[in-house]
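Novice:
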Amino acid sequence: MAELIKNVEHASIFTLKDLVEIEPGRVNSLTLSQTPGCKMTVFAIDADEGMSSHAASGDALITVLEGTGEITVNDVPHQLSAGQSIVMTSGSPHSVRGVTPFKMQLTVVKPAE
1 MAELIKNVEH ASIFTLKDLV EIEPGRVNSL TLSQTPGCKM TVFAIDADEG
51 MSSHAASGDA LITVLEGTGE ITVNDVPHQL SAGQSIVMTS GSPHSVRGVT
101 PFKMQLTVVK PAE
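Each residue of the sequence shown is one higher than the one before, starting from 1 at the first, in full-length UniProt numbering.
#1: How long is the line joining the alpha carbons of Ala82 and Val73, rounded to whole angstroms?
#2: How about Phe43 and Ser57: do their beta carbons lie closer than 8 Å?
#3: Rounded to whole angstroms, what is the Cα-Cα separation between Lys17 and Ala55?
#4: The beta strand (DSSP E) with Asn7 in it runs from where to where?
#5: Check the DSSP bridge columns for Ile62 and list the partner residues they point to.
#6: In whole angstroms, what separates the C-alpha of Thr107 from that of Thr63?
#7: Suppose you measure from the CA of Gln34 to the CA of Leu61; what does that come to, to the nearest Å?
#8: Where do the N-terminal and C-terminal ends of the beta strand (DSSP E) with Lys39 fall, by residue?
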């Protein structure tokens, strides 16, 4: 059976925020899992960089791992710092911007088809 979680060594301790590096003017990402029902990705986003407004086809959970990010959901901005999380309901327009350079984990859970 193929591994459902990839790009990390299994049965070894690691730190999520160390999987991606912040680079000036960039958004970097590493996909940890992508199945029909779930996608997990770790992002490193420089200050004033991010992702423009979009919507996901499932509920999306963001957890900030380091730094501060601004997550705008349904036109309402939210500033999150390390250890804080927010959920965007499926179909909700949202965007992401680095207030400072920051790292986050994104998990999108989709309904069974």
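For every residue, glycine included, the Cβ atom is placed at its ideal position computed from N, Cα and C.
Specialist: The structure says:
#1: Rounded to the nearest angstrom, the gap between the Cα atoms of Ala82 and Val73 is 18 Å.
#2: No. Outside cutoff.
#3: Each residue's CA atom was taken as its position, placing Lys17 and Ala55 some 24 Å apart.
#4: Note, Asn7: premise wrong, no beta strand (DSSP E); not H, not E.
#5: As a beta-bridge residue in DSSP terms, Ile62 pairs with Ile86 and Leu106.
#6: A direct Cα-Cα distance of roughly 9 Å separates Thr107 from Thr63.
#7: The straight-line gap from Cα to Cα measures roughly 15 Å.
#8: According to the DSSP assignment, Lys39 belongs to the beta strand (DSSP E) that extends over Cys38 to Ile45.
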